[in-house]
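To keep things clear, I will list the structure first and then write my remarks on it.
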Amino acid sequence: MIVSAQCDLRYAPFSDLQLQRSTTGTDWLSQDELESWRTFRSDVRRNTFLAGRILAKRLLRAQHCTAWFTAPSQITICSNNVSSGVRPYIKFGENRLGYSLSISHTCDAVLVGGTNRSGVSVGVDLVEMRSLSAGFERSWLTDTEIALLHKNKDHLTVADIWAMKEAVYKAVHNGESFAPRNVEICPEPDGIIVFYRGKDISDRCKVRVWRFRGQIAAVATYQRLDKLPKSHFDNHDALVTIPSTSVPQTLSRNEL
0 MIVSAQCDLR YAPFSDLQLQ RSTTGTDWLS QDELESWRTF RSDVRRNTFL
50 AGRILAKRLL RAQHCTAWFT APSQITICSN NVSSGVRPYI KFGENRLGYS
100 LSISHTCDAV LVGGTNRSGV SVGVDLVEMR SLSAGFERSW LTDTEIALLH
150 KNKDHLTVAD IWAMKEAVYK AVHNGESFAP RNVEICPEPD GIIVFYRGKD
200 ISDRCKVRVW RFRGQIAAVA TYQRLDKLPK SHFDNHDALV TIPSTSVPQT
250 LSRNEL
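Residues in the sequence shown are numbered from 0 upward in steps of one, following numbering that gives the first Met the number 0.
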């Protein structure tokens, strides 16, 4: 699903990616990626690493960021633990692509989002649709979020807010670690208001959330002030927008 002309999403269950085929790793991973992949002892870790890179490289090809004949093994996606404030970045040979990429996964599916629009960063999160404890709610949600959650309990869950928090952090951070209460998600009838570290950034940060196939997907885009195009304030639709209702929309796998 193309969320905007410059922000694209791809979703796939692991079963669609042929992760167990003996040549999948060598077909899709660069030499550096293969070395990292082979160090993982856990099958879950190996699968999530491989799935994220397969889908991200498919996305790059779909957005014409690499030529159709470019072998996936020529592309390297470099990443670190997102909590350390390091975003994934992409190398093609010795060159680093000007592209914002975000990857998220559950134990059996993966979601990637990306854009090559100058000054725009993307964050995605994919979580299981499940109940989270009252203790989790008190620990990681702000008082405002808890009040809005209870007010909209027929349409909104803790997991919805959590997915949006993660997506916003990935799009917005400047290297600082993830502190969930520094991200505040406030669904309103006219859209979602986003606060980061106490500041309303809704004019530059757009977030959207869907529920489908027992999972919740969130995507956020953020326009950085230091790279703000002159036409930005006349072109809000260039970023991801939220429907007039704040109720998360159902989305099938074929639509995403």
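The beta carbon of each residue, even a glycine, is placed where N, CA and C say it ideally should be.
Here the structure is a predicted model, which is why all the values come from computation and not from measurement.
Next item on the list: Could you spell out where the alpha helix (DSSP H) holding H149 opens and where it closes?
Entry: D142 to K150
Item checked: Close Cβ partners of F91 (< 6 Å) along its chain, the five nearest in sequence each way excluded -> I74
Check: Does the distance from the CB of V269 to the CB of S99 come in under 8 Å?
Finding: Given that the chain is displayed from residue 0 to residue 255, the structure contains no residue 269 and the question cannot be resolved.
Item checked: Environment of L49 [buried if 16+ CB atoms lie within 10 Å] -> buried
Note to self: Our contact map puts L161 next to V126 with C-beta atoms below 8 Å; I'd like the distance itself, whole angstroms only.
What the structure shows: Rather than Leu, the amino acid found at residue 161 in this sequence is Trp. Correct: roughly 7 Å between the Cβ atoms.
Note to self: Rounded to the nearest angstrom, what separates E85 and D189 at their Cα positions?
What the structure shows: Residue 85 is actually Val in this sequence, not Glu. About 33 Å.
Margin query: If I measure Cβ to Cβ from N79 and keep anything under 7 Å in the same chain, skipping five residues before and after, which residues do I get?
Written below: V85
Margin query: Check whether the region 193–201 and the region 209–218 are in contact - that is, three or more C-beta pairs closer than 8 Å.
Written below: no
Next item on the list: Report yes if the CB atom of R57 is closer than 8 Å to the CB atom of R9, and no otherwise.
Entry: yes
Next item on the list: Please say whether I191 and E144 have beta carbons closer to each other than 8 Å?
Entry: no
Margin query: Using a 10 Å radius around the Cβ and a threshold of 16 neighbouring Cβ atoms, would you call R20 buried or exposed?
Written below: exposed
Checklist line | Where L131 falls: helix, strand or coil (DSSP) | finding: coil
Next item on the list: Work out the CA separation of L59 and D26 for me, nearest whole Å.
Entry: 16 Å
Margin query: Here's a check: name, in chain order, each residue in its chain whose Cβ is nearer than 7 Å to the Cβ of T141, leaving out the five neighbours to either side.
Written below: R180 and E183
Next item on the list: Using the DSSP secondary-structure output, state which residues sit across from E183 in a beta bridge.
Entry: F194
Next item on the list: Assign A55 to buried or exposed, taking buried as 16 or more other Cβ atoms, counted over all protein chains shown, within 10 Å of its Cβ.
Entry: buried
Margin query: Between which residues of its own chain and T105 is the CB-CB distance below 8 Å, once the five residues before and five after are set aside?
Written below: L125, V126, E127 and Q214
Item checked: Identity of the residues DSSP links to I74 by a beta bridge -> F91
Notebook entry, point to check: Cα separation between I76 and S120?
Noted result: 16 Å
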